[in-house]
Each structure stands twice: as C-alpha cells, then as structure tokens.
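> For reference, the structure I am asking about is given below.
Numbering (this note's numbering), first residue to last: 243 to 470.
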C-alpha cells in the first residue's frame with residue numbers, strides 16, 4: 243500500500259491488525275459482535291423452524307403445496323435487501339428488523355430442502371406402518387425424520403451464510419450497533435483498516451459457524467451409521 247495501491251483503499255497489514263486488536267479488546271467492539279451474533283442466532287433459529295414447518299406442511303398436503311409453491315418461489319425471488327425498509331417500518335431500527343431479514347433468507351433455503359425432501363419419503367413404507375397401526379408421530383419419527391435428515395443438514399449449512407448476509411445487509415441499511423454498522427461507518431470515512439478488520443471478524447465468525455455445523459453433521463452421520 244502507498245506505492246501501487248492507495249493507503250485509503252487497502253490500508254496496511256499492521257494498521258488492520260491494530261484495529262482488529264482494538265475491536266477485540268474493547269467493550270464497544272464486543273458490543274458490536276454480540277449484537278450481530280444475537281441477530282444471527284435468533285434469525286437462524288426462527289428461519290429454520292419456519293422453513294421446517296412450512297416444508298413438512300406443504301410436503302404432506304401435496305395438492306396445497308402445488309398451489310402455493312409458485313407463490314413462494316415468486317416471493318423468494320425478491321432480493322431480501324429490498325424488503326429491509328418494510329421490516330424497518332414494522333420492527334423499527336432495533337435487532338428485530340435484522341432478525342426478520344436473516345430468518346427470511348435461511349427460511350426459504352430450509353423450506354425448499356424439506357419440501358423437495360418430502361418427495362423422497364418412501365410412500366410404500368408409510369402405508370405399511372400405517373396398516374400396522376402406527377400413529378402419525380411414529381410415521382414422522384421413523385420414516386419422515388430419517389428421510390429428511392440429510393436435506394435439513396444441507397439446508398442448515400447453506401442457510402448459515404445467507405442468514406449472516408441478511409444481518410449485515412440490514413445493519414447497512416439502518417442500525418445503531420453491529421459489525422455491519424461498523425463496516426458501513428468505516429467505509430463512509432475511507433477507513434480501510436476498519437473495513438478489513440470488520441471483514442476479518444466476519445470471516446472468523448463464519449468459520450466457527452461452519453465448523454459447528456460440520457461437527458453436527460459428522461455426529462449425525464456417526465449415529466446413523468451406528469444404527470445401521
């Protein structure tokens with residue numbers, strides 16, 4: 243930096259490390275991280291729950307699913323950031339507008355994985371255990387659950403980055419705190435060190451999230467293999 247590329251665009255590694263250390267050792271820096279993580283976790287959980295419920299519901303009621311699926315696909319085609327002003331009007335400038343954007347992003351991914359996964363549920367097996375007197379809870383536990391395990395896990399891994407993207411985009415639009423807010427503030431005053439420091443924190447958070455989901459996936463695979 244300073245010779246080929248301007249310092250205000252790329253900063254210096256030493257400045258980035260210094261800013262990163264400041265963000266990780268000050269109360270304000272951790273407040274931004276905690277705010278973003280809170281928005282992400284709540285939005286992720288709500289999105290997964292909503293996607294699961296909608297996917298299983300429309301996958302079970304196939305005639306209703308055929309009617310509503312094109313409408314859901316049309317809504318999913320709307321860029322989530324374009325809905326941010328609506329969520330801000332409804333939920334204000336606090337965390338819930340970012341939670342809504344994050345939940346919407348991950349919810350659609352989980353929904354489609356579950357909705358399509360419901361088509362792989364072996365219907366003959368469902369009919370057999372129903373004839374044997376199985377209740378709906380038994381069908382869900384012993385047939386539907388195992389059939390949806392892999393699609394749900396794939397949806398979780400694909401939805402994690404989308405949930406974080408929704409949170410950061412929402413913080414860009416309107417927020418008082420958060421990593422996205424800090425990133426936007428640093429960019430507005432050409433503070434490249436602050437920008438790259440915020441990006442480094444986001445990369446670290448995403449690596450941790452992906453690592454946890456990978457461990458969860460591996461643990462499920464071992465349990466499934468042991469049952470077989």
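Just so you know, even glycine gets a beta-carbon here, dropped at the ideal spot from N, CA and C.
The structure displayed is predicted, hence computed values, not measured ones.
Quick test of the definition: if touching needs 3 or more C-beta pairs under 8 angstroms, does the segment 362-369 touch the segment 417-433?
Touching, no.
> Return the CA-CA distance between residue 437 and residue 367, expressed in angstroms with no decimal places.
The residue labelled residue 437 in the question sits at position 195 within the chain shown. The residue labelled residue 367 in the question sits at position 125 within the chain shown. Answer to the nearest angstrom: the Cα atoms are 55 angstroms apart.
> May I ask which residues mark the beginning and end of the alpha helix (DSSP H) holding residue 418?
As a working note, residue 418 is residue 176 in the chain shown. That residue, residue 418, is in no alpha helix (DSSP H); it is neither H nor E in DSSP.
> Could you check if residue 350 is buried or exposed, using at least 16 other CB atoms within 10 Å of its CB as the buried criterion?
Sequence index remark: in the chain shown, residue 350 carries index 108 (1-based). Buried is the call here.
> CB residue 307 to CB residue 300, shorter than 7 angstroms?
Here residue 307 corresponds to residue number 65 of the chain shown, with the count starting at 1. Here residue 300 corresponds to residue number 58 of the chain shown, with the count starting at 1. Yes, the Cβ-Cβ distance between residue 307 and residue 300 is below 7 angstroms.
> Check whether the segment 321-335 touches the segment 262-271, counting contact only when three or more Cβ pairs, one atom from each stretch, lie closer than 8 angstroms.
Taking 8 angstroms as the limit for Cβ pairs, the verdict is that the segment 262-271 does not touch the segment 321-335.
> Start and end of the alpha helix (DSSP H) containing residue 287?
As a working mapping, residue 287 is identified with position 45 in the chain shown. Segment 269-302, the alpha helix (DSSP H) holding residue 287.
> Would you mind working out which of 345, 267 and 305 sits nearest residue 322, comparing C-alpha positions?
Position 80 of the chain shown, counted from the start, is the residue given in the question as residue 322. For residue 322, the nearest C-alpha among the options comes from 345.
> Might you give, ordered along the chain, the residues of its own chain that have their beta carbon closer than 6 angstroms to the beta carbon of residue 297, omitting 5 neighbours on each side?
Residue numbering aside, residue 297 sits at position 55 when the chain shown is read from its first letter. Once the five neighbours on either side are set aside, the close Cβ partners of residue 297 are 353, 356 and 357.
> Using alpha carbons as the reference points, say which of 276, 256 and 247 lies closest to residue 444.
Numbered from 1 along the chain shown, position 202 holds the residue referred to as residue 444. Residue 444 has its Cα closest to that of 276, out of 276, 256 and 247.
> Is the segment 440-458 touching the segment 388-401 in the sense that three or more CB pairs, one from each, lie closer than 8 angstroms?
With the cut-off at 8 angstroms, the segment 388-401 and the segment 440-458 touch.
> So, residue 253 versus residue 442, is the Cβ gap smaller than 7 angstroms?
Taking the first residue of the chain shown as position 1, residue 253 is located at position 11. Taking the first residue of the chain shown as position 1, residue 442 is located at position 200. The answer is no: Cβ separation not under 7 angstroms.
> Which complete alpha helix (DSSP H) runs does the segment 399-446 hold, if anything under 4 residues is left out?
421-430, all fully within the segment 399-446.
> Assign residue 425 to buried or exposed, taking buried as 16 or more other Cβ atoms, counted over all protein chains shown, within 10 Å of its Cβ.
By 1-based counting over the chain shown, the position of residue 425 is 183. With 16 or more other Cβ atoms within 10 Å, it is buried.
> Beta-carbon within less than 6 angstroms of residue 417's beta-carbon, same chain only, minus the 5 sequence neighbours each way: which residues are those?
Position 175 of the chain shown holds residue 417. Result list for residue 417: 423, in chain order.
> Could you pull out every unbroken alpha helix (DSSP H) segment of at least 4 residues lying fully inside the segment 293-372, listed in chain order?
You should have 304-318, 326-333 and 337-359.
> Determine the DSSP secondary structure at residue 375, reduced to helix, strand or coil.
Translated into positions along the chain shown, residue 375 becomes position 133. Three-state DSSP puts residue 375 in coil, outside helix and strand.
> Considering only their Cβ atoms, is the gap separating residue 402 from residue 341 smaller than 7 angstroms?
Walking along the chain shown from the start, residue 341 turns up at place 99. Walking along the chain shown from the start, residue 402 turns up at place 160. Cβ distance not < 7 angstroms, so residue 341 and residue 402 don't count as in contact.
> Kindly indicate which three-state DSSP category residue 248 falls into: helix, strand or coil?
Start at 1 with the first residue of the chain shown, and residue 248 comes out as number 6. In the structure shown, residue 248 sits in coil (DSSP, three-state: anything other than H, G, I, E or B).
> Is there a C-beta anywhere in chain C that falls below 7 angstroms from the one on residue 438?
Absent here is chain C; the protein component of the structure consists of one chain.
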